[in-house]
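Asker:
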Amino acid sequence: CFRLCIQDATKVLFVALFYAVLFPGGYLMCGVTLTVYYINDRFCITRVWKPAPLVGTELTKFSRKFFFSTALFAFSVMTAYFWAGFPYDNLCSCKEGSGTGCDEAYPMDLEYKLTDRDDSTVYTTIIDTTKYYYFCRQDIIKDGIFPPIPSLAPSFVWMTNDQKNMTEILGWLSIVIMIGVGQMMFGNDLIDAIKKLYSFAYDPFEVKDQNVDFSCVDGIFGYIPSVMDGGIEYPLIACDIKDIDKKLIGWSEPSNGYESWNLISDIPVNSRNGISVSDGVHLFSIVGHYPPEWRARELAMGEY
Numbered sequence: 001c002f003r004l005c006i007q008d009a010t011k012v013l014f015v016a017l018f019y020a021v022l023f024p025g026g027y028l029m030c031g032v033t034l035t036v037y038y039i040n041d042r043f044c045i046t047r048v049w050k051p052a053p054l055v056g057t058e059l060t061k062f063s064r065k066f067f068f069s070t071a072l073f074a075f076s077v078m079t080a081y082f083w084a085g086f087p088y089d090n091l092c093s094c095k096e097g098s099g100t101g102c103d104e105a106y107p108m109d110l111e112y113k114l115t116d117r118d119d120s121t122v123y124t125t126i127i128d129t130t131k132y133y134y135f136c137r138q139d140i141i142k143d144g145i146f147p148p149i150p151s152l153a154p155s156f157v158w159m160t161n162d163q164k165n166m167t168e169i170l171g172w173l174s175i176v177i178m179i180g181v182g183q184m185m186f187g188n189d190l191i192d193a194i195k196k197l198y199s200f201a202y203d204p205f206e207v208k209d210q211n212v213d214f215s216c217v218d219g220i221f222g223y224i225p226s227v228m229d230g231g232i233e234y235p236l237i238a239c240d241i242k243d244i245d246k247k248l249i250g251w252s253e254p255s256n257g258y259e260s261w262n263l264i265s266d267i268p269v270n271s272r273n274g275i276s277v278s279d280g281v282h283l284f285s286i287v288g289h290y291p292p293e294w295r296a297r298e299l300a301m302g303e304y
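All residue numbers for the sequence shown refer to full-length UniProt numbering, where the first residue is 1 and numbers rise by one.
What follows is the structure in structure tokens.
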């Protein structure tokens with residue numbers, strides 16, 4: 001069973017939006033493709049695939065915030081560019097502008113021999129009604145013109161009036177969408193960063209000592225150096241824990257206790273309090289715990 005990743009669905013949608021003006025049929029193909037993927041995935045989820053990992057909604061939130069907004073912006077900009085480039089023949093009429101060759105006079109009623117791009121010979125005759133054209137590049141993307149708005153770029157002389165009006169609307173709409181997409185992606189983060197420069201989060205009247213000791217908070221754990229191994233049930237402790245509060249470890253093993261999972265227990269000892277290593281060599285981390293007096297008394301009495 002073919003397993004569709006989220007990247008495949010987004011690529012299909014992005015391509016359909018990017019070339020929507022040049023190929024409107026892409027909408028239909030995109031819809032059919034996503035429908036087939038949906039039916040296929042629905043079957044695989046219930047019949048073939050194993051349960052999905054609990055990865056949460058971060059991936060979908062990221063895709064919705066960044067990809068779909070970027071696809072919408074690309075759709076609006078490329079729509080304006082494609083509309084502006086029609087008819088893509090790179091020819092402008094001499095009546096609409098002054099270009100190379102427009103001011104030259106050619107003898108009429110004579111047969112001219114021309115060679116096209118395929119090196120084929122073509123014969124033509126200039127008469128009174130012959131229209132003159134000059135080369136003008138209509139691919140404004142390569143010219144670096146942004147936004148593609150005719151009122152801001154008078155060089156768009158090849159456009160018809162309806163084409164200019166439509167491109168004008170699409171160009172300004174792309175600017176509005178660009179601002180909206182930027183605000184959606186980075187607006188809140190930028191505003192928060194500016195607020196932090198001119199505001200103070202600390203309030204001495206709100207942040208007060210509640211007279212709750214660290215040792216009074218149930219479920220709070222300390223940093224206990226340990227080594228994780230996928231083949232072992234519990235973490236391997238890599239420090240001496242005889243002088244710390246056991247509830248700081250964060251997990252419990254009622255059968256054998258913590259010493260069975262402490263790497264220190266694997267080091268041969270020479271005496272009750274020493275290990276057989278040279279002086280000054282540290283093999284394990286040092287962890288210190290300094291409880292308040294009342295908690296120290298409880299620990300001394302064996303209350304954990």
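Beta carbons are placed, not taken as given, at the ideal position from N, Cα and C, and that holds for glycine.
1. Indicate the three-state DSSP secondary structure (helix, strand or coil) for Asn-262 in the structure shown.
2. Can you tell me the Cα-Cα spacing of Pro-51 and Arg-42, whole angstroms?
3. Would you mind listing the beta strand (DSSP E) stretches within the region 25–58 that are 3+ residues and don't spill past its ends, in chain order?
4. For the region 179–262, which segments carrying the alpha helix (DSSP H) assignment without a break, of at least 4 residues, lie completely within its bounds, in sequence order?
5. Measure the C-alpha to C-alpha separation of Thr-129 and Asp-119 and round it to an integer number of angstroms.
6. Mind checking Met-78: buried by the 16 CB within 10 Å criterion, or exposed?
7. Just curious, the beta strand (DSSP E) that Phe-67 is in, first and last residue?
8. State the CB to CB distance for the pair Ile-241 and Asn-211, rounded to an integer number of angstroms; the pair is presumed to be in contact (CB under 8 angstroms).
9. Check each candidate in Cys-44, Lys-11 and Phe-18 and name the one with the smallest Cα separation from Thr-33.
10. Looking at C-alpha atoms only, which residue of Arg-47, Ile-244 and Ile-237 is the closest neighbour of Ser-258?
11. CB Tyr-81 to CB Pro-154, shorter than 7 angstroms?
12. Tell me, please, which residues DSSP counts as bridged to Thr-115.
13. Going by C-alpha distance, which of Glu-111, Tyr-132 and Phe-67 is nearest Val-122?
Answerer: Judging by the given coordinates:
1. strand
2. 13 angstroms
3. none
4. 188–198
5. 27 angstroms
6. buried
7. It is not in any beta strand (DSSP E) - Phe-67 carries neither H nor E in the DSSP assignment.
8. Actually they do not touch by this definition, with Cβ atoms about 28 angstroms apart.
9. Lys-11
10. As written in the sequence, residue 258 is Tyr, which differs from the Ser given in the question. Considering only alpha carbons, the answer is Ile-237.
11. no
12. Thr-121
13. Glu-111
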